[in-house]
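Novice: Per my numbering, residue 4 is the first one in the sequence shown, and the count goes up by one each step.
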Amino acid sequence: DQPLPRHVERYSDMIVCRENKGLDAAAYRQMMLDIGWERLEQYDEVICLNDTCLGPVYPFSEMFREMDKRPVDFWGITAYAGETINDEVIPTHLQAYWHVYRRSLVSSAAFHEYWENMPLYSGYAEVTRKHEMTFTKHFEDLGFTWDSYVDWRDYAQYSS
Numbered sequence: 004d005q006p007l008p009r010h011v012e013r014y015s016d017m018i019v020c021r022e023n024k025g026l027d028a029a030a031y032r033q034m035m036l037d038i039g040w041e042r043l044e045q046y047d048e049v050i051c052l053n054d055t056c057l058g059p060v061y062p063f064s065e066m067f068r069e070m071d072k073r074p075v076d077f078w079g080i081t082a083y084a085g086e087t088i089n090d091e092v093i094p095t096h097l098q099a100y101w102h103v104y105r106r107s108l109v110s111s112a113a114f115h116e117y118w119e120n121m122p123l124y125s126g127y128a129e130v131t132r133k134h135e136m137t138f139t140k141h142f143e144d145l146g147f148t149w150d151s152y153v154d155w156r157d158y159a160q161y162s163s
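1. In the DSSP assignment, the beta strand (DSSP E) including residue 41 goes from what residue to what residue?
2. Count the other C-beta atoms from every protein chain shown that fall within 10 angstroms of the C-beta of residue 79, then say buried if there are 16 or more, exposed otherwise.
3. Pull up the DSSP beta-bridge partners for residue 50, would you.
4. Say the cut is 7 angstroms; is the CB of residue 35 nearer than that to a heavy atom of the ligand ADP?
5. Between residue 81 and residue 128, what straight-line distance do the alpha-carbon atoms span, to the nearest angstrom?
6. What does the alpha-carbon distance come out to for the pair residue 137 and residue 115?
7. Skipping 5 residues on each side, what residues in its chain have a beta carbon closer than 7 angstroms to that of residue 50?
8. Can you name, in chain order, every residue of its own chain whose Cβ lies under 7 angstroms from the Cβ of residue 101, other than the five neighbours on each side?
9. Just to confirm the assignment: which complete beta strand (DSSP E) runs, minimum length 3, are found wholly within the stretch 78–151?
10. Have a look at 151, 160 and 113 and flag the residue whose alpha-carbon is nearest the alpha-carbon of residue 69.
11. Below 8 angstroms CB to CB, which residues in the same chain sit around residue 96 once its five sequence neighbours on both sides are set aside?
12. Quick check on the burial criterion: 16 or more other C-beta atoms within 10 angstroms. Buried or exposed for residue 15?
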């Protein structure tokens with residue numbers, strides 16, 4: 004355990020250092036449960052992001068202004084177009100490096116149950132298959148709406 008550099012403390016009211024067990028999903032889960040639903044439900048949006056994306060290459064304000072216009076319950080920057088590989092169906096889904104959950108989703112019992120009941124996944128492949136690849140469809144099937152800032156349909160043929 005090493006103390007955080009002092010300059011990091013000015014960026015947050017709360018900093019948690021944790022062992023990287025369960026990867027991003029477990030970190031998001033821990034923080035939501037530690038902060039609590041009552042406090043999280045006070046915010047217009049809850050942002051879960053990791054450090055796999057570099058940038059920004061331009062201010063985030065443009066993206067937030069655009070996404071504010073879209074009447075959705077949750078959104079991300081990019082989505083995976085979905086495909087079938089060796090009989091495995093990979094549904095279209097928001098990529099997990101950047102999720103924004105709006106109050107309509109955060110305040111729902113389904114959202115609380117999802118995070119409260121999430122197991123600790125053992126590795127990258129498991130968390131990708133059981134969380135990242137299923138989260139979007141799970142909540143879409145429950146009637147929640149989503150979108151991505153970058154329209155995945157425009158790039159589906161170029162990236163998998």
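A virtual CB, placed ideally from N, CA and C, is assigned to each residue, including glycine.
Because the structure is a prediction, the values reported are computed rather than measured.
Specialist: Let's see:
1. Here residue 41 belongs to no beta strand (DSSP E); instead the alpha helix (DSSP H) covers 40–43.
2. buried
3. 103
4. In the structure shown, the ligand ADP is absent, as is every other ligand, since no ligand is present at all.
5. 20 angstroms
6. 16 angstroms
7. 103
8. 52, 56, 79 and 80
9. 86–88, 91–93, 101–105 and 149–151
10. 151
11. 82, 83, 85, 135, 136, 137, 138, 139 and 140
12. exposed
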